[in-house]
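Participant:
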Amino acid sequence: MTRRLLMVLSVFILVEFAVFYWRHHDMVRLSLSRETVIGDPGFSREAASVLANDHISRRVLDRIADVAEARGEQSLQIQALERIVSEFPQDPVARIRLAQALREAGRIEEAERLDPSELGFEKEKG
Amino acid sequence: MSGKVPSSCGSQPSSQFDADGTLVTIEPPARRAYRKAVALAGLAVYAGYLAYRGLYTLNPDALAFSLAVYVAEVHGFLFLALFYFQIWEVRQRTVPPAPPGFPVDVFITTLDEDVDLLRQTVRAALRMRYPHRTLVVDTGRRAEVSALCDELGCEYVAGSADEQTKAGPWNDAFGRTSGAVIAVFDAEHVPRADFLDRTLGYFADPAVGLVQVPQRRLHPDSLRERVDWRQRCIYAQHEVIRNLVMPGRDYWNASTLCGSAAVLRREALVPHGGLFSGTIAGDLHTSLVLQADGWTSVYLNELLVTSSVPIDVSNDRADRLRHAEGSLAIFRHVNPFTRRGLTFAQRVCSIASMLQWTTCFPKLVFCLAPPLVLFSGRLPIAHLDRTFVAVFVAHLLSLAVSGKVLTRGRSLLWMDEPFYLSNIPLLLEAPVRFASGTRRSGIAGKRNGDYDGRAMWLHHALIGCTVTALVWGALGLAFGVNADLAGTGLAGLWALHNLVLLAIVVSSAGRTPEQRQAVRFHVTTPVELLDVPANGWLGVTADLAETGCTLLWPRGLPIGARLKLRLHLGAQPLDCDGEVVSVSARVQGDWVGHAIRFRFDCKTGVDRLADALYNLTVPEASTRLTETSRLIRAARTALGRIAGVTRFRAPRYEAHLPIRVQTRGGNEWLATTRDFSRGGLSVISPSAVDPGRVVRVILRSPEGEWSSLATVVRRTALPAADEHFRMWLLGLRVDLETDLVRLRHILSVEPAL
């Protein structure tokens with residue numbers, strides 16, 4: 001009886017892996033090595049799909065921002081960083097990264113609204 | 127406390143005797159007050175927890191889920207409050223002497239049980255000392271049962287072929303007899319010879335309509351019962367009912383008829399034509415009606431009836447399903463909320479009985495909640511913060527402590543939870559069957575069969591659901607789908623906890639002891655092999671059943687060997703044939719274990735073995751297994767030593783070995799050692815020896831022979847239901863140090879002993 005139960009459970013778990021991949025293949029692909037994800041032609045589509053979800057872990061958002069920066073996809077990078085800052089508003093590193101990304105995209109005013117003193121924008125203006 | 131006395135009662139000579147006067151307290155007032163305070167404090171903490179949960183932690187994002195968990199917790203509170211109400215005052219009964227000349231009928235009901243099983247019940251019923259008339263009520267209408275009645279000399283009553291409940295044929299017998307009281311037994315409930323002497327005295331009170339005694343079912347090492355022979359502890363769910371709930375309900379005059387091991391006053395049943403047969407649990411129905419009619423019920427907590435039938439998971443399930451359905455059906459016929467004549471306490475106790483059959487719903491919610499969290503990522507709690515954790519931990523601690531105190535250490539969470547989990551499928555099925563009008567047989571079978579895994583389908587499904595949820599949760603965390611580490615982690619721990627409990631349920635249901643046709647008792651009795659050149663060798667049983675035993679013999683015996691055994695059970699040895707079925711590894715030192723199947727040529731041998739089991743083994747086991755829990759025992763010993771009440775005992779080394787005892791007068795008999803200490807040994811002997819006398823003890827084991835003179839320093843009579851099976855515990859002091867050294871060497875015991 002126990003053996004049969006274990007066999008059935010094993011089959012269930014295999015099916016479960018397949019279902020998980022089918023539902024969250026974008027997440028799974030984003031978890032591959034950084035180099036692999038950077039070279040992935042479908043990255044933009046997968047990242048956009050992931051960002052549409054309500055619940056995403058910080059690790060995944062960091063990965064999207066990081067890879068998007070490496071690929072020069074500023075829009076995706078800013079989107080990911082904005083999610084991070086909205087979910088972790090007290091994280092100074094995230095705010096700095098977002099401000100830098102916004103400035104590089106030419107959105108200086110939005111960057112200034114984040115925390116100008118922290119980023120030294122006052123000095124640049126002067 | 128008693129209900130009103132019906133005007134019609136009092137067929138027996140009226141007296142000043144009041145059965146309520148036999149209720150005595152078993153604990154001092156301070157301890158009773160302490161337990162009540164703990165009960166109230168436990169309920170107050172639970173109520174506070176529920177208020178906090180309801181006000182601050184319901185999750186609006188998953189409201190249905192959150193409410194389901196909350197309702198399950200409220201159900202737990204109600205269940206606990208009703209349980210504490212029932213055990214608010216736990217009393218015992220003194221036993222009044224049985225009045226002479228009471229006309230007594232004894233009904234034994236049977237459906238499809240083995241005739242050999244029924245045989246022992248009928249024999250025991252016929253041997254009850256108080257004059258009575260015995261009838262076997264056979265719903266199965268079997269010719270072999272009729273023949274058995276002819277052989278043993280009792281009356282046979284065949285039930286109707288289309289009858290689905292026990293009450294129908296029972297009422298046929300009721301109509302044919304005229305005894306003032308009726309003792310009722312199921313086919314496997316073997317009464318003691320003094321059953322009627324202990325129970326009839328209460329009927330001197332004309333208000334008493336029912337006397338119920340517990341039905342002790344020995345089924346060690348099953349889902350229902352676990353035994354630790356070394357620690358002398360037994361856990362059984364029915365032990366809590368027997369020792370706490372039923373005595374507590376007795377205080378409220380709310381004892382119920384359990385269908386067997388009871389005595390009923392005919393006059394109380396006459397207006398209703400006997401037991402109620404309209405429901406499948408006619409016993410419960412009848413007792414509620416008797417309560418409403420104003421009759422007093424008595425619960426006598428003495429082990430006067432024993433059952434040693436192992437019930438496998440399928441039969442157990444059928445039995446409990448009958449009770450569950452019956453309880454629901456009774457709600458329709460005798461609504462405890464509205465039934466006139468019931469006291470407040472009787473109403474509460476009845477509702478408690480019925481509510482216990484609804485525990486499946488909260489248990490199912492608690493089983494499904496972790497998988498739901500792991501699959502969906504939604505929690506039933508709105509704010510999983512430190513405040514919630516602190517309140518929840520306080521609630522759990524309060525539950526554990528108050529439960530331990532109120533149940534006097536008898537409740538074990540790790541046994542209770544699997545038991546309740548095992549009930550889930552049948553408790554789900556009962557309301558469905560009740561609502562759909564599907565009726566089942568009113569009598570549960572008593573035969574074990576092959577393990578039917580279908581009975582555990584829901585548990586297998588829950589295991590599958592929980593495991594896959596755990597995997598899903600782990601995948602979600604690993605790939606970042608789920609960002610809630612704390613919530614998922616807690617749900618994962620909860621799921622693992624459930625998984626362990628479910629695994630216990632499933633594995634217990636499939637274990638070998640659940641499949642056995644007879645209970646194996648932990649009995650160590652000396653054995654001689656009459657046709658084996660033994661050269662003075664003796665063996666000893668490690669366990670014993672009506673069908674066979676495990677024999678420890680100093681050397682291996684071939685499988686298939688036919689043996690002539692002499693078992694020294696009680697004062698008169700029992701000779702029987704046996705066959706070696708298997709040989710196990712050396713189980714005690716160099717002793718070899720053999721599974722022996724008995725072969726009896728005639729019924730006399732079976733009867734004698736059964737007599738020994740019921741009159742010697744069962745009372746002895748029941749007396750030995752009296753410790754509530756290891757923790758309480760250790761605490762009691764430590765407190766006793768501090769107070770100087772408990773004397774220090776030398777460490778004991780438990781070893782059950784056969785031993786010859788010789789007196790100076792030339793008498794010789796066989797006994798079994800129970801344990802050894804630095805200064806001597808204790809033996810279980812069929813003969814009593816006065817303290818101060820010197821005997822020679824001879825022990826022969828594979829490690830060598832030992833002989834010594836020993837002085838009897840202590841003699842204690844072991845409990846026995848029949849004087850023919852009286853055994854004695856003798857404490858023997860060995861005076862010669864050299865003999866003790868040699869004994870330790872033979873036993874391979876550390877010098878520290």
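In order, the protein sequences belong to chains A and B.
Reminder that position 54 of the first sequence reads as 54 in the numbering used here, one-by-one numbering, no gaps.
Every position in the second sequence, counted from 1, becomes a number in the numbering used here once 126 is added.
Beta carbons are placed, not taken as given, at the ideal position from N, Cα and C, and that holds for glycine.
State buried or exposed for G948 (chain B), treating a residue as buried only when at least 16 other CB atoms are found within 10 Å of its CB.
Facilitator: Nothing can be reported for residue 948 (chain B), as the shown portion of chain B is limited to 127 through 879.
Participant: Do L51 (chain A) and R83 (chain A) count as a contact pair if the criterion is CB distance below 8 Å?
Facilitator: Going by C-beta atoms, R83 (chain A) is nearer than 8 Å to L51 (chain A).
Participant: With a threshold of 8 Å between beta carbons, is I96 (chain A) in contact with chain B?
Facilitator: no
Participant: Taking the C-alpha atoms as reference points, what is the distance between C591 (chain B) and T513 (chain B)?
Facilitator: If I take the Cα positions, the gap works out to 31 Å.
Participant: Residues of chain A with a CB under 7 Å from the CB of G467 (chain B): which are they?
Facilitator: Within chain A, no residue comes near G467 (chain B); the closest Cβ sits about 50 Å away, beyond 7 Å.
Participant: Which residues in the same chain as P845 (chain B) place their Cβ atom closer than 7 Å to its Cβ, once the five residues preceding and following it in sequence are excluded?
Facilitator: Within its own chain, the residues whose Cβ lies closer than 7 Å to the Cβ of P845 (chain B), once the five positions on either side in sequence are excluded, are P745, E746, T749, listed in chain order.
Participant: Any Cβ of chain A within less than 8 Å of the Cβ of G399 (chain B)?
Facilitator: No, its Cβ sits nowhere closer than 8 Å to a Cβ of chain A.
Participant: With 16 as the cutoff for other CB atoms within 10 Å, does S75 (chain A) come out buried or exposed?
Facilitator: Result: exposed.
Participant: Drop a sphere of 10 angstroms on the beta-carbon of A181 (chain B), count the other beta-carbons inside from all chains shown, and report buried for 16 or more, exposed for fewer.
Facilitator: Checking the displayed sequence, the identity of residue 181 (chain B) turns out to be Leu instead of Ala. So L181 (chain B) counts as exposed.
Participant: Should E16 (chain A) be flagged as near chain B, meaning a C-beta pair shorter than 8 Å?
Facilitator: yes
Participant: So if DSSP puts Q788 (chain B) in a beta bridge, which residue, or which two residues, is it bridged to?
Facilitator: B:E794, B:R822
Participant: So the beta strand (DSSP E) L51 (chain A) belongs to, where does it begin and stop?
Facilitator: Careful: L51 (chain A) lies outside any beta strand (DSSP E), inside the alpha helix (DSSP H) at 43-51.
Participant: Give the range of the alpha helix (DSSP H) segment to which D276 (chain B) is assigned.
Facilitator: 269-278
Participant: Could you please tell me which residues of the region 42-56 of chain A, in chain order, have their CB closer than 9 Å to any CB of chain B?
Facilitator: V50, N53, H55, I56
Participant: With the cut-off set at 8 Å, would you say D703 (chain B) and R734 (chain B) are in Cβ contact?
Facilitator: For the 8 Å CB-CB criterion, D703 (chain B) and R734 (chain B) do not form a contact.
Participant: So, with DSSP's three-state summary, where would you put Y113 (chain B)?
Facilitator: With chain B covering only 127 through 879, there is no way to say anything about residue 113 (chain B).
Participant: In angstroms, rounded to a whole number, what distance separates the CA positions of T614 (chain B) and Q77 (chain A)?
Facilitator: 28 Å
Participant: Looking at the unbroken beta strand (DSSP E) that takes in S82 (chain A), where does it start and where does it end?
Facilitator: Sequence inspection shows Glu at residue 82 (chain A); the Ser mentioned does not correspond to that position. It is not in any beta strand (DSSP E) - E82 (chain A) instead sits in the alpha helix (DSSP H) that spans 74-87.
Participant: Listing by chain order, which chain B residues have their CB less than 8 Å from the CB of F88 (chain A)?
Facilitator: Neighbours of F88 (chain A) on chain B: none; closest Cβ ~11 Å, over 8 Å.
Participant: Check A309 (chain B) in the structure and name its three-state DSSP category.
Facilitator: Strand, per DSSP.
Participant: Quick one, which residues of the region 601-625 of chain B are near chain A if we go by CB-CB under 9 Å, in chain order?
Facilitator: Correct list: L601, G602, L603, A604, F605, G606, V607, N608, A609, D610, L611.
Participant: For a test of the three-state rule: what should DSSP assign to Y779 (chain B), helix, strand or coil?
Facilitator: Judged by DSSP in its simplified three-state form, Y779 (chain B) adopts strand.
Participant: On the DSSP letters alone, give me the boundaries of the alpha helix (DSSP H) that P373 (chain B) sits inside.
Facilitator: 372-377
Participant: Below 8 Å on the Cβ atoms is my guess for R819 (chain B) versus V839 (chain B); work out the distance and round it to an integer in Å.
Facilitator: That pair is no contact at about 10 Å.
Participant: How many angstroms separate the CA atom of I569 (chain B) from the CA atom of Q482 (chain B)?
Facilitator: Because the pLDDT at I569 (chain B) is just 48, under 50, the model does not fix this residue reliably, and the value given afterwards should be weighed accordingly. Pairing I569 (chain B) with Q482 (chain B), the inter-Cα distance amounts to about 21 Å.
Participant: I need the straight-line Cα distance from P817 (chain B) to L856 (chain B), nearest angstrom please.
Facilitator: 9 Å
Participant: CB F88 (chain A) to CB R71 (chain A), shorter than 8 Å?
Facilitator: no
Participant: Please give me, in chain order, every unbroken run of the alpha helix (DSSP H) with length at least 4 that falls completely inside the region 684-755 of chain B.
Facilitator: 729-738, 744-750
Participant: Between the region 381-388 of chain B and the region 321-341 of chain B, do at least 3 Cβ pairs fall closer than 8 Å?
Facilitator: yes
Participant: With DSSP run on the structure shown, which of helix, strand or coil describes C675 (chain B)?
Facilitator: C675 (chain B) falls in the strand class under three-state DSSP.
Participant: Here's the rule I'm using: 16 or more other beta-carbon atoms within 10 Å means buried, otherwise exposed. How should M965 (chain B) be labelled?
Facilitator: Outside the modelled stretch of chain B, which goes from 127 to 879, sits residue 965 (chain B), for which no answer is possible.
Participant: Using 8 Å as the threshold, is the C-beta distance between G452 (chain B) and A407 (chain B) below it?
Facilitator: Taking 8 Å as the Cβ cut-off, G452 (chain B) and A407 (chain B) qualify as a contacting pair.
Participant: Taking buried to mean at least 16 other C-beta atoms within 10 Å of its own C-beta, is K489 (chain B) buried or exposed?
Facilitator: buried
Participant: Counting C-beta neighbours from all protein chains within 10 Å, is the total for S634 (chain B) 16 or more, i.e. buried, or is it exposed?
Facilitator: buried
Participant: Less than 8 Å between CB atoms is the rule here; does L5 (chain A) satisfy it with respect to chain B?
Facilitator: yes
Participant: For D323 (chain B), I'd like the list of residues in its chain whose CB is within less than 7 Å of its CB, leaving aside the five on either flank, ordered along the chain.
Facilitator: A224, R255, Y256
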